[in-house]
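Enquirer: Below: one structure in structure tokens.
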Amino acid sequence: MEMVFYPNDLLRVKTKQVENIDDKIRDYAKKMIELMDISGGVGLAAPQVGLDLALFVVRENKMARPLVFINPSIIETSYELSSYKEGCLSIPGVYYDLMRPKAVVINFHDENGKSFTIENSDFLARIIQHEMDHLNGVLFIDYYEEKLKNKLLKPYMRERGLKAK
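Read left to right, the sequence shown gives residues -18 to 146 (this note's numbering).
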């Protein structure tokens, strides 16, 4: 399992629901957690490893137990917003402040097929929203105006020998 990097089109795919939570899905989740940890991330979505599945994993910090979200759906967000410097394992080295709802309520299944509805706030809520965006083909840089987005991406693109706008 390998990381997919911007501007790969796989990052723009809207994922499909997982039909059957089986050993194959559990294996994907396990490998995604390992890759996320090795890469120093706090979240990793299936499109970031080339999978077209509604699946992501998170580990809020090194001490936290990793969580697996299958077929997740955010059903509520707070009116209160918070700003935080976001980054993405698929766009290493690019960070910038982004306003998001401070809290979310999310429905999902875990790797054993058990259904949950949980409310999260602050950093975990931000991670969940970031990974949910990935499942819809949206990257955090998409929230910025074109001029700022291009400025943020220019060093990243140059470093990879790609043409920046």
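Glycine included, C-beta positions come from ideal geometry on N, C-alpha and C.
For the beta strand (DSSP E) containing MET80, list its first residue and its last residue.
Expert: Element bounds for MET80: 77 to 82.
Enquirer: Output yes or no for whether 9 Å exceeds the beta carbon distance between LEU16 and MET(-18).
Expert: Cβ atoms of LEU16 and MET(-18): closer than 9 Å.
Enquirer: Looking only at its chain, what residues have a beta carbon closer than 8 Å to the beta carbon of ASP103, apart from the 5 residues adjacent to it on each side?
Expert: So the list reads SER63, LYS83 and ALA84, once near-sequence residues are dropped.
Enquirer: Give the C-beta separation of ALA26 and GLU112 to the nearest angstrom, bearing in mind that I take them to be a contact with Cβ-Cβ under 8 Å.
Expert: Right, their Cβ atoms sit about 5 Å apart.
Enquirer: Hey, which unbroken runs of the beta strand (DSSP E) at 3 residues or more fall wholly within the region -4 to 35?
Expert: For the region -4 to 35, whole beta strand (DSSP E) runs of length 3 or above, ordered along the chain, are 24 to 26.
Enquirer: In whole angstroms, what is the alpha-carbon distance linking VAL(-6) and PRO(-12)?
Expert: Spanning the two alpha carbons is a distance of roughly 12 Å.
Enquirer: Taking PRO28 and LEU79 to be in contact with their CB atoms under 8 Å, please state how far apart those CB atoms are, rounded to whole angstroms.
Expert: Rounded, the Cβ-Cβ distance is 19 Å, inconsistent with contact.
Enquirer: Have a look at LEU143 and PRO136 and give me their C-alpha separation to the nearest angstrom.
Expert: Computed Cα separation, rounded: 10 Å.
Enquirer: In chain order, what residues of the same chain have a beta carbon less than 6 Å from the beta carbon of ILE122, not counting five sequence neighbours either side?
Expert: So the qualifying residues of the chain are LYS130.
Enquirer: Hey, could you find the ends of the alpha helix (DSSP H) GLU127 is sitting in?
Expert: Start and end: 127 to 140.
Enquirer: Would you list the one or two residues that DSSP bridges to LYS95?
Expert: According to DSSP, which records beta bridges pairwise, LYS95 is partnered with nothing at all.
Enquirer: To the nearest angstrom, report how far apart GLY118 and ALA35 are at their CA atoms.
Expert: Taking the straight line joining both Cα atoms gives about 11 Å.
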